[in-house]
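For reference, the structure is listed below as structure tokens.
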Amino acid sequence: MEANEESIKNKEKVKSLLLLLQAIYEERDEVRDQLQKLMNKIMPNSINFIDHHANL
Numbered sequence: 001m002e003a004n005e006e007s008i009k010n011k012e013k014v015k016s017l018l019l020l021l022q023a024i025y026e027e028r029d030e031v032r033d034q035l036q037k038l039m040n041k042i043m044p045n046s047i048n049f050i051d052h053h054a055n056l
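For the sequence shown, the tail end lands on 56 under the UniProt record's numbering, and the numbers increase by one without skipping.
What follows is the structure, given as structure tokens:
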């Protein structure tokens with residue numbers, strides 16, 4: 001029984017960590033979009049810097 005309870009706790013921890021990771025990815029993408037908009041305002045004629053470096 002203890003092993004089963006431990007397994008359940010570990011699965012819950014993994015699920016929690018995956019949800020946090022998903023939130024972090026979404027936040028990263030939002031910040032990337034905001035930075036891109038700012039860069040476009042500052043240097044509207046420049047190469048798309050973030051997209052270029054994100055794909056390297």
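Quick reminder that beta carbons are idealized off the backbone N, C-alpha and C, glycines included.
Spanning the alpha carbons of Lys13 and Glu2 requires a straight line of approximately 16 angstroms.
Cα atoms of Met39 and Glu6: separation of roughly 49 angstroms, rounded to the nearest angstrom.
For Met39, the secondary structure class from DSSP, reduced to helix, strand or coil, is helix.
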